[in-house]
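K.L.:
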Amino acid sequence: MDVRVTILVLFLVSLSLARECKIYVRKVTEAEAEIIVDKHNELRMQIANGEIEGQPRGVNLKRLKYDEDLAAEAQEIANSCIFAHQQVTDDRWYAVGQNLYIKKSTAPSNESDWDTAIQSWFDEHEDYTFGKCCRKGPRMTGHYTQLVWANTEYVGCGYTYFATDDFFKYRKLYVCNYGPAGNFKRQFPYKVGKSGCEDLC
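Going by mature numbering (1 follows the signal peptide of the UniProt record, and there is no 0), the letters in the sequence shown line up with residues -18 to -1, 1 to 183, in that order.
#1: Among all the DSSP beta bridges, which residues are the ones paired with Val7?
#2: Report yes if the C-beta distance between Gln68 and Trp103 is below 9 Å; otherwise report no.
#3: Of the choices Pro171, Asn92, Ser87 and Lys21, whose alpha-carbon is the least far from that of Gly138?
#4: Could you check whether Asn159 and Asp73 sit closer than 9 Å to each other, using their CB atoms as the reference points?
#5: For Tyr48, name the three-state secondary structure that DSSP assigns.
#6: State buried or exposed for Gly164, treating a residue as buried only when at least 16 other CB atoms are found within 10 Å of its CB.
#7: Would you list, in sequence order, the uninterrupted beta strand (DSSP E) runs of no fewer than 3 residues that lie entirely inside the segment 96 to 179?
#8: Hey, how far is the Cα of residue 190 from the Cα of Phe65?
#9: Can you grab the Cα-Cα spacing for the pair Asn81 / Val157, in whole Å?
#10: What's the C-alpha gap between Gly124 and Cys116?
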């Protein structure tokens, strides 16, 4: 199939999905934003304190702060009901990083579970061998490396709970944007050492 035809087909499928989804919830509350930041920093501190088996201690990880502009962009992406990365531009940084998570179910439940979503990204460390970004392997680890990327300082997220016509009708889409982005080629996610910034920098 011609590349242009393939792109057109994917675009039309995306439009179809966006039209068919029925959104019930489309927001991240202040309480959820706090949970998001706390969870990210909790996991980053585990790296900073050398608590993760198979991963070296990081000595320059910054403490993340919540950013409303990144969150607004993430919410727009979540509102599309499309589980696919979308480019975000922000004049403050060269690039913006992004993590996605989706949960499908046959039973309705509109409660978000940010702890599970963020933990799922972090758990990719089990398949990650520390080194310069970005090595290709049989399993994805880019969500993990973005989450622990030392120079990232800000995170902002969006959430949508919606329904489709599929068997797994009910879906929860989680989107987080990161500034500045991680996962730069030929760069390590963080600096390794014996001590430093155990409570994050």
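Cβ coordinates follow ideal geometry from the N, Cα and C atoms, glycine included. Computed from a prediction, not measured in an experiment: that's the story for all the values here.
P.N.:
In brief:
#1: Tyr143
#2: no
#3: Closest by alpha carbon: Lys21.
#4: no
#5: strand
#6: buried
#7: Within the segment 96 to 179, the complete beta strand (DSSP E) runs of at least 3 residues are 136 to 145 and 152 to 161.
#8: An answer regarding residue 190 cannot be provided, because it is not within the stretch -18 to 183 covered by the chain.
#9: Cα-Cα distance, rounded: 6 Å.
#10: 8 Å
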